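Per my numbering, the sequence shown starts with residue 14, numbered consecutively.
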Amino acid sequence: MKKSVGPVALFVSSFSVLSLSESALAQALSSPAATTLAPVEIIAPQVRPRPPGRVRASQNPRRAATRPRPREVATPTPTPPVPAVPPQTATVGQPPVPYVGGQVGTGARLGLLGNTSVFTAPFNVTGYTSKLMEDQQARSIADVVLNDPSVRNDAPPFSERDSFFIRGFSVTNLDTAYDGLFYLANPRRAFLEGIERVEILKGPSALLSGGTGRVGGTINLIPKRATDEPLTRLTTSYISNSQIWNHLDLGRRFGDNKEWGVRFNGSYRNGDTPLDLNSAEVGVAALGLDYRSERFRASLDLNSSVQNITAPTSLFNSAAPNIVVPPAPNGRTNTASRDEFVDSRYKMIAGRAEYDLLPDTTMYLAGGGSVYNEDFLTSSYRITNSNGTATNSLAIQPQRLEGYTGEIGLRSKFRTGVVGHQLNISAVDANNELYRGGVLGFTPFSYVTNIYNPVRLPPGSFQTSGFAKSDDRPLLSRLTARSVAVSDTLALFDDRLLVTLGGRWQDIALNGFVTAPGPTLGTVSSRYQEARFSPAVGAVFRATDRLSVYGNYIESLESGPTAPALANNRNTIFPPVVSKQQEIGAKYDFGIVGLTASFFQIEQPNAFTDPATNIFSVSGLQRNRGAEFSVFGEPIKGLRLLGGITLIDAKLVSTIGGRYNGNDAPGVPVTALNLYGEYDLPHWLGPGVTVTGRVIHTGDVFYDQANTQTVSDWTRVDIGAGYAFTGPSGKPAVLRAAIENVADNAYYLSAARGYLAVGAPRTFVLSATFNF
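See the structure below:
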């Protein structure tokens, strides 16, 4: 049933109990012990006679002491407390400082390795800042990745989820990490109100993070923390067609040394989108608490969000084989009916603590859990001819996802003679459970429609009261990934050469359960458990203080398949599937501009049944070779640039029966370009005014493995402007306006994984931000 949740109810329901007392956070200042000083003998100097009327002030304390009139002594101004600076092995607190221009960080969290400079990391990683998200008025991760040419969205913008292609491989939002922990972030769409950084690592990450999948890359969300300066910020936004979005950001620190931090972000957004019949209601609450002392730091995050969508688009729209894929419909055209909906709710708790055993040795512990519920009635279409005729199918599949992850580890920096070391040890236990299936109370059905002139079912066509609910679904599957990782980064030749050696032993267990009603409900229907050691090596050579060249070899793991019942080797269980990356690159830091170049190859195996032998095996292979070039910074005062170009040659190397060997991999463009710029107008022309622009281009792709169906390339242009001034409270204020997809082009945002995602039409975004 479509539910409506008001803004007050959303925030009240976000947390069960929340009681913070400023007095409870304050600490008493201890008094220093009294000190007795030895007596000092003061000898009075001889005083020369002065001319009448002449007065001369003297700063000499001895002369002042001889005057008959007592002198008032000024009370010294107390020095404000200075917070303890955490060591390089720490991660709790603020992330690495932004690079010049403020759009990306100088460093990023690399899982096991901790915070690492982007210029000395043996990987390609970028951390996008909250300032950039605010300036671009980003709503979710899908808006942030528009700055990265190696990442492409492959879910339609008016659906309930975000999903990505990184370096030409699928990475779903389920695989997004929250503060370095997996299965805690919202598995469908992560909102940005409480996020300080969105970090994107390109390439596999078995050594760095463990877990399964993430062949093309990993996205990590860094939560906001209270800064030393108090923050009270209110932003009100308008998004076409009629969405109103209010966002409150509060931050305070307490204690004699500002040990305790509180950061709260709350927002509510509701209204119609540019898509016909589509509306969205979103409520977000994010509370971040942290404590810092000289040797101990800790944080606790509580997140909650609700997303209710009317007439959503589907991720699973597709085209039949052997037809010409018709051009994309206008982004305002919606094939969904008014009664279709997706209602979801999400809650999460995550904690992290670390203690410095030595000045450069830190032990840490982290963990958390999340619950996501999703109830929906949605349709997806399959295009059957080039005129846009399609079969639209409706279905429900209520589901619940639960995630629990824990990690314990140690980071230590030390030297043995002329060799420096950063030793990292970590143990991770990550769990993801999916509850789905059972009796649904709805019979799926289909009808004929057209993507250009949709046929919509009349309101009231469905009686949703009998639909199954996500709260009472049976357990369908449980994934557990337990691992232990060790690495050492060796610093040689005065730290000019950095070599990282390491590996992760990982045990993957995947169990399936019976969901059909009856005596076997809940029993194990399938069982998989295999283990493997994944080695990795990375090297960085700092040719100069500004130029670094690097290379790496790293893997990713996925649970191995089981041979199907019709294969000659039915029920054969295969070991984990290993994807492998080799990469080289260079990074140059001009001080005001950063340039990077990367060249990579990733090979991902896949399985199929050979038609000649009827033997199922992991014999398939896709190989992506690519080059990435990026730029960030402020080359000229007031001009900031961010973006780059990615070129990928994605090939099907080994396919079923060899029939598609050598073809291009479907859905992967050869060329992808993203370039965003900001320019502050001269003071004489427009004081406080900044103009912005962005160009996104994606080359054409093949839709099928046979390379007979194509999807056209597309280019999107965004423009905007901002005006910064002093608000009524005497603090900074900013007005922003943007037009996304200025030309109102119709295009397929993605044709990956066999699905077609239509891009958004022209969209207007306005906002006003005031600090108090």
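The C-beta atom is built at its ideal place from N, Cα and C for all residues, glycine as well.
This structure is a prediction, so every number in the text was calculated from the model and none was measured.
For the 8 Å CB-CB criterion, Ala239 and Asp314 do not form a contact. Scanning the segment 272-310 from its first residue to its last, the whole beta strand (DSSP E) runs of 3-plus residues come out as 273-285, 292-305.
If the five residues before and after Pro200 are omitted, its C-beta is found closer than 7 Å to the C-beta atoms of Asn186, Leu187, Tyr385, Leu414, all from its own chain and listed in chain order. Assignment of Ser478 by DSSP, reduced to helix, strand and coil, places it in the helix class. A direct Cα-to-Cα measurement between Glu173 and Val355 gives close to 7 Å.
Looking only at Arg707, Gly706, Val778, Leu221, the smallest Cα-Cα distance to Ala121 is reached by Leu221.
Taken atom to atom, the span from the alpha-carbon of Gly733 to that of Ser153 is near 19 Å.
Per DSSP, the beta-bridge partners of Lys664 are Arg636, Asp677. Of all alpha-carbon atoms in Gly670, Ile661, Val606, Gly639, the one lying nearest the alpha-carbon of Ile628 is that of Gly670. Residues of the same chain with a CB within less than 6 Å of the CB of Thr139, apart from the 5 flanking positions on each side, are Val117, Ile213 in chain order.
Looking only at Leu370, Glu420, Thr462, Val681, the smallest Cα-Cα distance to Asp662 is reached by Val681. Contact annotation: Glu367 and Ala103 have beta-carbon atoms nearer than 8 Å. For Pro618, the pairing in a beta bridge is given by DSSP as Leu634. Tyr460 counts as exposed, since fewer than 16 other beta carbons sit within 10 angstroms of its beta carbon. Inter-residue distance for Asp241 and Ala494 is about 38 Å (C-alpha atoms, whole angstroms). Looking at the DSSP output, His434 sits in a beta bridge with Phe427, Leu503. The segment 437-456 makes no contact with the segment 257-264, as fewer than three CB pairs between them are under 8 Å. Relative to Leu570, the option among Gln718, Phe178, Ser218 whose CA is nearest is Ser218. The beta carbon of Arg775 lies closer than 6 Å to those of Asn754, Asp757 in the same chain, with the five residues before and after it left out. In this structure, Pro467 sits away from Thr323, with a CB-CB distance that is not shorter than 8 Å. Per DSSP, the beta-bridge partners of Lys215 are Gly230.
Of the residues assessed, Ser255 falls on the exposed side of the cut-off, its CB having fewer than 16 other CB atoms within 10 angstroms. For Arg583, the number of other beta carbons within 10 angstroms of its own is below 16, and it is reported as exposed. Secondary-structure assignment with DSSP links Val714 through a beta bridge to Val724. Contact between the segment 500-514 and the segment 425-435 is present, with at least three C-beta pairs closer than 8 Å.
Within its own chain, the residues whose Cβ lies closer than 6 Å to the Cβ of Val704, once the five positions on either side in sequence are excluded, are Tyr692, Ala734, listed in chain order. Here DSSP, grouped into helix, strand and coil, assigns Ala332 to strand.
The residue from Gly127, Pro100, Phe136, Val110 with its alpha-carbon nearest to that of Ala552 is Phe136.
Distances from the CA of Glu568 to each of Ala379, Arg308, Val590 were compared; the closest alpha carbon is that of Val590.
When the Cα atoms are used, Lys360 and Leu652 turn out to be separated by approximately 40 Å. Rounded to whole angstroms, the gap between the alpha carbons of Ala544 and Val228 is 18 Å. Per DSSP, Val113 has no beta bridge partner at all. The beta carbon of Arg486 sits closer than 7 Å to the beta carbons of Pro411, Gln412, Arg413, Tyr448, Arg449, Gly450, Gly451 from its chain, once the five residues preceding and following it are set aside; these are given in chain order. From the listed residues Arg707, Ala134, Asp726, Ile709, the smallest Cα separation to Phe715 is found for Asp726. With respect to Ala299, Gly207 sits close: the two C-beta atoms are nearer than 8 Å. The bridge partners DSSP lists for Ser357 are Gln320, Glu387.
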